[in-house]
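Data first, discussion second: the structure below is written as C-alpha cells.
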Amino acid sequence: KSKGFIFDLDGVIVDTAKYHFLAWKKIANALEIDFTLEHNELLKGVSRVRSLDIILELGKVEISQEDKNKWLIQKNEDYLSYLVDMNESEILPGVMDTLRFLKKNNQLIALGSASKNARPILEKTGTLEYFDAIVDGNDVVNAKPDPEVFLHAARLLNVANEDSIVFEDSVAGVQAANTANMVSVGIGEETTLHEAQYIFKDFTTIDSNFLESLINR
Ligand code: G16
Ligand code: MG
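Each residue of the sequence shown is one higher than the one before, starting from 3 at the first, in the UniProt record's numbering.
Listed below in C-alpha cells is the structure:
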C-alpha cells in the first residue's frame with residue numbers, strides 16, 4: 003500500500019525562502035526594524051499576515067490595519083517580482099531525484115504549503131505534474147504550526163496520518179507534522195530543526211534506502 007509523501011514548498015522544493023527574506027527585509031528596513039537571517043527563521047512556513055505581525059512585534063512597532071494591508075500588498079508584489087523569471091533551475095538539489103523515485107515506486111505525493119503563490123511556482127518549475135494533491139495557503143484557515151494543511155493533504159491522498167511523511171524546512175512545519183502524527187523529516191540545520199524525527203541537510207543526502215525504509219515502515 004502506498005504512503006503519502008507531503009512536501010513543503012518554500013525551502014524544500016524551491017529556494018524561494020531567500021526571496022521571502024529579501025522582500026520582508028525591505029519592509030522591515032522601511033519601518034526601521036532590525037531584521038536578520040535569524041529573525042527570518044521565525045517567518046518560515048508562517049502565513050503572510052502572521053509574518054508581518056512577527057516583524058512588527060520584533061520591532062515593537064504598532065501600525066494601523068490599513069497600513070498593514072498596504073505593506074502586505076507591497077510584500078507580495080516585491081516577492082512576485084523575484085519569481086518572474088523562475089524556472090526549473092530554482093529546484094533545490096536532489097528534489098527531482100526524490101520525486102521521480104517516489105513516483106516510480108507508486109507512492110502518493112502532495113504539496114503542503116502555507117504559500118498563496120504555490121501553484122504558479124510549481125508550474126514555472128515544471129513540477130506540477132508530480133503532485134497527486136495540492137494544499138496551499140488558499141485552502142486552509144489555520145497556518146502552521148497548526149496541522150490543518152497536512153491533515154487536509156493526507157485526506158486528499160486518502161492515506162492515514164500515520165502513513166504520511168512530511169518534508170519541511172521550518173520549525174513551525176515540523177511541529178505541524180508532529181502534531182498530525184506524521185513522520186517529520188526536517189530539511190536543513192540540525193540546530194534549528196531538532197524537533198524533526200529525521201534531519202537531512204538537503205535532498206542530496208537522502209538516499210533510496212532511506213526512502214524505501216519510509217515506504218516499507
Ligand atoms: C511559505 C514560506 C513563508 C511565507 C508563506 C506564505 O510557506 O515559508 O515564509 O510567508 O509561505 O507565502 P505567500 O506570501 O507566498 O502566500 P511554505 O509552507 O511553502 O514554506
Ligand atoms: Mg518552507
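Cβ coordinates follow ideal geometry from the N, Cα and C atoms, glycine included.
- Message: Does the distance between the C-beta of Ser117 and the nearest non-hydrogen atom of ligand 2 fall short of 6 Å?
- Response: no
- Spatially closest choice to Val48 from Val143, Met184 and Arg219, by CA coordinates: Val143
- Message: Nearer than 6 Å: is that true of the beta carbon of Gly47 relative to any heavy atom of ligand 2?
- Response: yes
- Arg121: CB within 6 Å of a non-hydrogen atom of ligand 1: no
- Message: Can you check which of these residues, Leu45, Asp138, Ala32 and Val86, is closest to Arg121 by C-alpha distance?
- Response: Asp138
- Message: Just checking Asp171 against ligand 2 - is the residue's beta carbon closer than 6 Å to any of the ligand's heavy atoms?
- Response: yes
- Query: Rounded to a whole number of angstroms, what is the C-alpha to C-alpha distance between Asn180 and Asp80?
  - Reply: 33 Å
- Query: How would you write the range of the beta strand (DSSP E) that Gly175 sits in, first residue to last?
  - Reply: Unbroken run through Gly175 is the alpha helix (DSSP H), Val173 to Thr181; no beta strand (DSSP E).
- Quick one: grab the DSSP three-state call for Asp12. strand
- For Glu131, the three-state DSSP class (helix, strand or coil): helix
- Item | Nonlocal neighbours in the same chain, by C-beta distance under 6 Å from Pro149, ignoring five residues either side | Ala178, Thr181 and Ala182
- Task: Could you check the C-alpha separation between Leu45 and Lys203 for me, to the nearest Å?
- Result: 19 Å
- Query: Between Glu64, Asn42 and Val168, which lies nearest to Leu33 when the distance is taken from Cα to Cα?
  - Reply: Glu64
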